[in-house]
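Participant:
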Amino acid sequence: MTPDKYLTKKAKSLHPYVAGLQPQEPGWIKLNTNENPYPPSPKVNEILRSVDTMSLRLYPPGDGGLLRQTITASLIPNPTTEHQNSQQPGAPSVFCGNGSDEVLALAFQAFFSGKSNIHTPDISYGFYPVWGAMYDVGLNYIPVEEDFSINPAKYSGGNGVIIANPNAPTSLAAGLGAIEDILKQNPNGVVLVDEAYIDFANMPSAVALLPKYENLLVVRTFSKSHALAGMRVGYAIGHPRLIDALHLMKESFNSYPLDILAQKAAAAAFSDTAYLASTVEKVIATRDRTIAALAHLGYKTLPSQANFILINIGERAEELYEHLLANKILARYWNKPRIAGFLRVTIGTDEEMEVFISCVKQW
13 MTPDKYLTKK AKSLHPYVAG LQPQEPGWIK LNTNENPYPP SPKVNEILRS VDTMSLRLYP
73 PGDGGLLRQT ITASLIPNPT TEHQNSQQPG APSVFCGNGS DEVLALAFQA FFSGKSNIHT
133 PDISYGFYPV WGAMYDVGLN YIPVEEDFSI NPAKYSGGNG VIIANPNAPT SLAAGLGAIE
193 DILKQNPNGV VLVDEAYIDF ANMPSAVALL PKYENLLVVR TFSKSHALAG MRVGYAIGHP
253 RLIDALHLMK ESFNSYPLDI LAQKAAAAAF SDTAYLASTV EKVIATRDRT IAALAHLGYK
313 TLPSQANFIL INIGERAEEL YEHLLANKIL ARYWNKPRIA GFLRVTIGTD EEMEVFISCV
373 KQW
């Protein structure tokens with residue numbers, strides 16, 4: 013064990029993010045880390061089967077290569093001839109990274125490090141406080157409302173804002189109007205909207221607001237709706253100057269964060285919009301059936317806009333968590349103020365959710 017005397021003050025003080033359990037043995041039903049229960053697009057298989065392994069001896073494109081081009085083309089579907097090979101002036105730009113966690117960490121460094129009064133909800137993604145401590149960010153935790161929603165009126169006058177939308181672990185989403193209200197109230201700092209779960213929400217992405225706000229950065233991931241959590245692919249969309257700042261931080265840390273297999277596979281998954289829509293539709297249908305089944309048993313859930321649900325169990329929430337664990341079903345429980353009476357449960361397949369409901373009924 014390394015003696016403490018060798019550690020920096022920061023290393024001694026950090027409290028790392030605690031990820032959900034990842035059992036390796038078979039037989040578990042994993043409803044604790046919001047992974048997609050369905051496989052990636054079949055086009056991903058085609059890409060992986062066709063890879064020339066000789067290409068692996070070379071470094072991948074540092075900017076995301078084909079993936080960045082594919083996402084950019086979706087933002088500018090009909091580029092003019094003179095701009096076919098470059099970003100059109102004034103159009104949003106794209107940054108690709110090793111999962112949205114890396115993209116978010118780089119954003120913390122580029123836009124919030126050393127600053128104070130950075131607004132963020134008090135109940136949100138557990139990595140935000142970790143990055144705040146790591147990069148000396150003065151986070152201002154704004155309590156969510158009694159129903160766990162976010163009140164835009166409370167987010168004015170900050171030096172930056174960090175919002176997960178839909179929020180985790182609450183599963184709630186703020187509408188585009190609420191996001192725009194926050195942008196209007198915070199012209200002096202970057203407003204970062206973390207859209208890991210937006211494909212499961214019945215609302216448009218904040219990407220629609222990018223032409224109007226140069227301080228908006230939208231971060232997204234391939235881990236949820238695209239079922240590529242094992243490949244670690246994420247990206248950000250924003251004003252070219254914001255994207256330049258992310259590249260600056262990346263080049264000061266790791267020039268090649270995204271491997272060539274991930275770039276090609278994610279590009280294929282991104283392009284298969286029909287498969288994405290069908291998978292998302294199945295998850296949403298199962299989510300709604302699960303909420304109805306829990307309501308029949310007397311349990312209330314928040315109105316989810318994500319691929320997970322937050323269930324109000326009450327004082328015995330930890331007991332139910334342990335009961336599920338004993339039956340090889342993983343859920344997420346936090347013994348923290350305001351959410352200690354809740355369980356967060358990822359939406360699995362219909363079969364997995366039937367087993368889950370039966371286990372709850374048994375308990």
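Going by my numbering, the first residue of the sequence shown is number 13, and it counts up by one from there.
Positions of the beta carbon are idealized from the N, C-alpha and C atoms, including for glycine.
#1: How big is the Cα-Cα spacing for N227 and Y147?
#2: Applying the criterion that 16 or more other CB atoms from any shown protein chain within 10 Å of the CB defines a buried residue, is G169 buried or exposed?
#3: DSSP state of F282, grouped into three classes?
#4: If you draw a straight line from the C-alpha of P101 to the C-alpha of L240, how long is it?
#5: Are there three or more Cβ pairs, one per stretch, closer than 8 Å when the stretch 249–260 is compared with the stretch 269–285?
#6: Would you kindly work out how many angstroms separate the C-alpha atoms of T92 and A85, rounded to a whole number?
#7: Let me make sure I understand the geometry here. Which of I210, P52, L355 has the alpha-carbon closest to that of A286?
#8: Go through its chain and collect everything with a Cβ distance to A186's Cβ below 6 Å, but skip five positions before and after it.
#9: At the level of alpha carbons, what is the spacing between Q36 and K127?
#10: Taking the Cβ atom as the reference point for each residue, do L222 and I249 lie within a distance shorter than 8 Å?
#11: One question on the structure: do L116 and I130 come within less than 8 Å of each other, judged by their Cβ atoms?
#12: Buried or exposed for L26, going by 16 or more other Cβ atoms inside 10 Å?
#13: Output needed for P216: all residues of its chain with C-beta closer than 8 Å, excluding positions within five of it in sequence on either side, in chain order.
#14: Could you tell me if S98 is buried or exposed, where buried requires 16 or more neighbouring beta carbons within 10 angstroms of its beta carbon?
#15: Where does L355 sit, in a helix, a strand or coil, going by DSSP?
#16: State the start and end residues of the unbroken alpha helix (DSSP H) segment that holds P228.
#17: Would you mind sorting T291 into buried or exposed? The rule is 16 or more other CB atoms within 10 Å of its CB.
#18: Helix, strand or coil: which one does DSSP assign to R344?
#19: Exposed or buried, E94, counting other C-beta atoms within 10 Å across all chains shown (16 or more means buried)?
#20: Which one or two residues does DSSP pair with L322 in a beta bridge?
#21: Which of the three DSSP states, helix, strand or coil, is assigned to F212?
#22: Please confirm whether W143 and F160 have their CB atoms less than 8 Å apart.
#23: Which stretch, first to last residue, makes up the beta strand (DSSP E) that contains D206?
#24: Taking three-plus beta-carbon pairs below 8 Å as touching, is the stretch 37–46 in contact with the stretch 359–371?
#25: Pick from Y345, A165, I325: whose alpha carbon is nearest that of V372?
#26: Which residue wins for smallest C-alpha separation from A208, given the options N200, G201, V245?
#27: Return the residue from the list T233, G172, I369, I135 that minimises the CA-CA distance to N48.
#28: Since R344 contacts N319 with CB under 8 Å, what's their CB separation in whole angstroms?
#29: I need the straight-line Cα distance from L212 to D16, nearest angstrom please.
#30: Kindly list the residues whose CB is nearer than 8 Å to the CB of K294, restricted to its own chain and excluding five residues on each side of it in sequence; keep chain order.
#31: Enumerate in chain order the residues of its own chain whose CB-to-CB distance from N9 is below 7 Å, with the five nearest sequence positions on each side excluded.
#32: F120 lies in the beta strand (DSSP E); which residues open and close that run?
#33: Per DSSP, S105 forms a beta bridge with which residues?
Facilitator: Looking at the coordinates:
#1: For the purposes of this step, residue 227 is identified with residue 215 of the sequence shown, where counting begins at 1. For the purposes of this step, residue 147 is identified with residue 135 of the sequence shown, where counting begins at 1. Cα-Cα distance, rounded: 20 Å.
#2: Numbered from 1 along the sequence shown, position 157 holds the residue referred to as residue 169. Burial call: exposed.
#3: The count along the sequence shown starts at 1 and reaches residue 282 at position 270. Helix.
#4: Here residue 101 refers to the residue found at position 89 when the sequence shown is read from its first residue. Here residue 240 refers to the residue found at position 228 when the sequence shown is read from its first residue. For P101, the pLDDT reaches just 48, beneath the cut-off of 50, and the residue's location in the model is therefore unreliable, leaving the point undetermined.
#5: Verdict: no, contact absent.
#6: Position 80 of the sequence shown, counted from the start, is the residue given in the question as residue 92. Position 73 of the sequence shown, counted from the start, is the residue given in the question as residue 85. Below a pLDDT of 50, predicted positions are generally treated as unreliable, and T92, at 43, falls in that range; the measurement from the model is reported next regardless. Our two residues, T92 and A85, have alpha carbons roughly 12 Å apart in a direct line.
#7: Taking the sequence shown and counting its residues from 1, the one referred to as residue 286 is at position 274. Answer by Cα proximity: P52.
#8: The residue labelled residue 186 in the question sits at position 174 within the sequence shown. Excluding sequence neighbours, A186 sits near I162, N177.
#9: Against the sequence shown, residue 36 aligns to sequence position 24. Against the sequence shown, residue 127 aligns to sequence position 115. Their backbone Cα atoms lie some 41 Å apart in a straight line.
#10: The count along the sequence shown starts at 1 and reaches residue 222 at position 210. The count along the sequence shown starts at 1 and reaches residue 249 at position 237. Closer than 8 Å, so yes.
#11: Here residue 116 refers to the residue found at position 104 of the sequence shown. Here residue 130 refers to the residue found at position 118 of the sequence shown. Against a cut-off of 8 Å, the Cβ pair of I130 and L116 comes out as no contact.
#12: Position 14 of the sequence shown holds residue 26. Counting Cβ neighbours within 10 Å, L26 comes out exposed, since fewer than 16 surround it.
#13: Position 204 of the sequence shown, counted from the first residue, corresponds to residue 216. Same-chain partners within the cutoff: L188.
#14: Here residue 98 is taken as the residue at index 86 of the sequence shown, counted from 1. Because the pLDDT of S98 is 45, which lies under 50, any placement of that residue in the model is unreliable, and the question is left without a value.
#15: Here residue 355 refers to the residue found at position 343 of the sequence shown. If DSSP states are grouped into helix, strand and coil, L355 belongs with the strands.
#16: Translated into the one-based positions of the sequence shown, residue 228 becomes position 216. In the sequence as presented, Pro is not what sits at residue 228; that position holds Leu. That residue, L228, is in no alpha helix (DSSP H); its beta strand (DSSP E) goes 228–233.
#17: The sequence position of residue 291 within the sequence shown is 279, counting from 1. Buried: at least 16 other Cβ atoms inside 10 Å.
#18: Walking along the sequence shown from the start, residue 344 turns up at place 332. Note: R344 maps to strand in three-state DSSP.
#19: As a first step, residue 94 is located in the sequence shown; it is residue number 82 there, counting from the start. Reliability fails at E94, whose pLDDT of 39 lies under 50, so the model's placement of it is uncertain and the value that follows must be treated cautiously. It is exposed - the Cβ of E94 has fewer than 16 other Cβ atoms within 10 Å.
#20: Counted from its first residue, the sequence shown places residue 322 at position 310. For L322, which the question treats as bridged, DSSP gives the partners R356.
#21: Indexing the sequence shown from 1 puts residue 212 at position 200. Here DSSP, grouped into helix, strand and coil, assigns F212 to helix.
#22: Numbered from 1 along the sequence shown, position 131 holds the residue referred to as residue 143. Numbered from 1 along the sequence shown, position 148 holds the residue referred to as residue 160. The answer is no: Cβ separation not under 8 Å.
#23: Along the sequence shown, one-based indexing puts residue 206 at 194. Here the beta strand (DSSP E) through D206 covers 202–206.
#24: yes
#25: Start at 1 with the first residue of the sequence shown, and residue 372 comes out as number 360. Minimum Cα-Cα distance from V372 among the listed residues Y345, A165, I325 corresponds to I325.
#26: Working through the sequence shown from its first residue, we reach residue 208 at position 196. Selected option, being the one with the closest Cα: V245.
#27: Position 36 of the sequence shown holds residue 48. Cα-wise, what sits closest to N48 is T233.
#28: Within the sequence shown, the letter at position 332 stands for residue 344. Within the sequence shown, the letter at position 307 stands for residue 319. Not really, about 13 Å apart at Cβ, beyond 8 Å.
#29: As a first step, residue 212 must be located in the sequence shown, where it is residue number 200. As a first step, residue 16 must be located in the sequence shown, where it is residue number 4. Note that residue 212 is Phe in the sequence shown here, rather than Leu. Straight-line Cα distance between these residues: approximately 45 Å.
#30: Counted from its first residue, the sequence shown places residue 294 at position 282. Closer than 8 Å at the Cβ level, and outside the excluded window around K294, lie Y50.
#31: What the structure shows of the chain is the stretch from 13 to 375, and residue 9 is not part of that stretch, so it cannot be assessed.
#32: Here the question's residue 120 lines up with position 108 in the sequence shown. No beta strand (DSSP E) contains F120, which DSSP labels as neither H nor E.
#33: Numbered from 1 along the sequence shown, position 93 holds the residue referred to as residue 105. Its beta-bridge partners are G250.
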